[in-house]
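When the count follows our numbering, it moves up by one through the sequence shown with no breaks and lands on 382 for the last residue.
Here a beta-carbon is modelled for each residue, glycine too, at the ideal position from N, C-alpha and C.
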Amino acid sequence: MINKKIAVIGIPGKWSTEVLAERLEEKTGFRLVISMADVHADLSTNTLYAQGVNLCQLDGIIVKKISQTYNPNTLDRIELLRLAEKNGVRVFSKPDTIIRMIDRLGCTMTLRHGDIPMPATRISEDIDYALKTVQNFGAAVFKPLYSTKARGMCVIESNQSDDQILNQISEFKRDNPMMYMQEKVELAGQDYGMVFLGGDYMGTYARISQNDSWNTTINSGGKYAPYIPPQSTIELAHKAQALFGMDFTTVDVADTEDGPIIFEVSAFGGFKGAKEGIGIDAANLYADYALKELSQ
Numbered sequence: 087m088i089n090k091k092i093a094v095i096g097i098p099g100k101w102s103t104e105v106l107a108e109r110l111e112e113k114t115g116f117r118l119v120i121s122m123a124d125v126h127a128d129l130s131t132n133t134l135y136a137q138g139v140n141l142c143q144l145d146g147i148i149v150k151k152i153s154q155t156y157n158p159n160t161l162d163r164i165e166l167l168r169l170a171e172k173n174g175v176r177v178f179s180k181p182d183t184i185i186r187m188i189d190r191l192g193c194t195m196t197l198r199h200g201d202i203p204m205p206a207t208r209i210s211e212d213i214d215y216a217l218k219t220v221q222n223f224g225a226a227v228f229k230p231l232y233s234t235k236a237r238g239m240c241v242i243e244s245n246q247s248d249d250q251i252l253n254q255i256s257e258f259k260r261d262n263p264m265m266y267m268q269e270k271v272e273l274a275g276q277d278y279g280m281v282f283l284g285g286d287y288m289g290t291y292a293r294i295s296q297n298d299s300w301n302t303t304i305n306s307g308g309k310y311a312p313y314i315p316p317q318s319t320i321e322l323a324h325k326a327q328a329l330f331g332m333d334f335t336t337v338d339v340a341d342t343e344d345g346p347i348i349f350e351v352s353a354f355g356g357f358k359g360a361k362e363g364i365g366i367d368a369a370n371l372y373a374d375y376a377l378k379e380l381s382q
């Protein structure tokens, strides 16, 4: 039994949060699952409390999930964790790193600056420019800047009247003033999640569509399956995740006629795809990794 106190920030009751807490408890005898909604900070005393525990006195904090859905408030929650980090608590992954990835635009800019191949992407608040983008792309995926698992995304196609297109754009813009638009890529029914721990490649699972949905997410009926990518794709995904320095992450990759492309690098990474797709107990590996880091 290792004498370390590591809390899990996540969604209490959710499988990925609880299984990580279980693995840590098995190894340390300590278990603490925290929702960020219950955290309060006192900057005058440099304390960060939840459930009567001062998080600034822990050995480590693993951020499995910061909120059920992403929004600008999510960034504020991450900022609070900087207080624990300032007090010497090791936070997995570093708050400054997570902040760069929660906002889809911030993640995209980092990937593009790193010369990572991505779908053609345009960003604007201008409705007329959005109309031209749909017409140029033929079909464009409109994505909220804060979302996961394709929530809030929609496909707008050019094979309709300008008025119909503008109506759909306006509907999206009501909740998303800054419009993030990507050319719709034909995925041949599947894309891939490539798992990395401490920068090391752990394996790849496929997300395979089971219906007519334009995306392959599990929320849209997709299923996980094992997949062995070529070495060149592994190297590309490794390059993409290295731009961020996450402790644990998943890189979303798809094959195209012009070669593999990267959709995003996840701020947290998924345990379920690793478990069901390739039989990896990512929670156990992550717990071991955290304890090794704290022993150095």
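{"query": "Identity of the residue in C142, K90, I148 and D189 nearest T160 by Cα", "result": "D189"}
{"query": "Runs of beta strand (DSSP E) lying entirely within the region 247-331, each at least 3 residues, in chain order", "result": "265-269, 276-283, 286-294 and 309-312"}
{"query": "Neighbourhood of T103 by C-beta, 7 Å cutoff - its chain only, sequence neighbours within 5 removed", "result": "V94, G96, I97, V119, K150 and K151"}
{"query": "As assigned by DSSP and simplified to three states, the class of I152", "result": "coil"}
{"query": "Candidates P230, E112, I251 and N173: closest to Y266 by CA position", "result": "P230"}
{"query": "Segment contact flag, the region 203-212 with the region 170-177, C-beta cutoff 8 Å, min 3 pairs", "result": "no"}
{"query": "Bridge partner(s) assigned by DSSP for H126", "result": "Y135"}
{"query": "F223 - DSSP class collapsed to helix/strand/coil", "result": "helix"}
{"query": "Every unbroken alpha helix (DSSP H) within the region 149-209, with a cutoff of 4 residues, ordered by chain", "result": "158-172, 181-188 and 190-199"}
{"query": "Other residues of its chain near A136: CB distance less than 7 Å, five sequence neighbours each side excluded", "result": "I120, D124 and V125"}
{"query": "Rounded separation between N353 and D261 - CA only", "result": "Here the sequence assigns Ala to residue 353, which means Asn is not the residue at that position. Spanning the two alpha carbons is a distance of roughly 22 Å."}
{"query": "Rounded separation between G345 and S256 - CA only", "result": "34 Å"}
{"query": "Three-state class that DSSP yields for D341 in the structure shown", "result": "strand"}
{"query": "Range of the contiguous alpha helix (DSSP H) that encloses E243", "result": "Where E243 is concerned, there is no enclosing alpha helix (DSSP H), although the beta strand (DSSP E) it sits in stretches over C240 to E243."}
{"query": "Simplified DSSP state of F354, which is helix, strand or coil", "result": "coil"}
{"query": "CA nearest to the CA of Q154, picked from R237, Y310 and L134", "result": "R237"}
{"query": "Cutoff 6 Å; reference T335; Cβ partners in own chain excluding five residues on either side", "result": "F282, Q327, V351, S352 and G355"}
{"query": "Sequence-distant residues of its chain with Cβ nearer than 6 Å to Q268 (five each side left out)", "result": "P205, T207 and V227"}
{"query": "7 Å Cβ shell around K259 - same chain, five flanking residues per side excluded", "result": "I213 and M265"}
{"query": "Straight-line gap, N253 to K270 (C-alpha atoms, nearest Å)", "result": "19 Å"}
{"query": "L106 vs A369 beta-carbon contact at 8 Å", "result": "yes"}
{"query": "Given P203 as reference, the closest of K113, L371, L169 and D338 once Cα atoms are compared", "result": "D338"}
{"query": "Nearest to I92 (by Cα), restricted to the options E321, E112 and W101", "result": "E112"}
{"query": "Inter-residue Cα distance where the pair is L129 and L380", "result": "26 Å"}
{"query": "Presumed contact (8 Å Cβ cut-off) between G284 and D333, rounded CB distance", "result": "6 Å"}
{"query": "The ligand FAD heavy atom lying under 7 Å from the CB of A225", "result": "For the ligand FAD, the structure offers nothing, since it holds no ligand at all."}
{"query": "C-alpha gap between L134 and R117, whole angstroms", "result": "18 Å"}
{"query": "I348 in three-state terms, based on DSSP", "result": "strand"}
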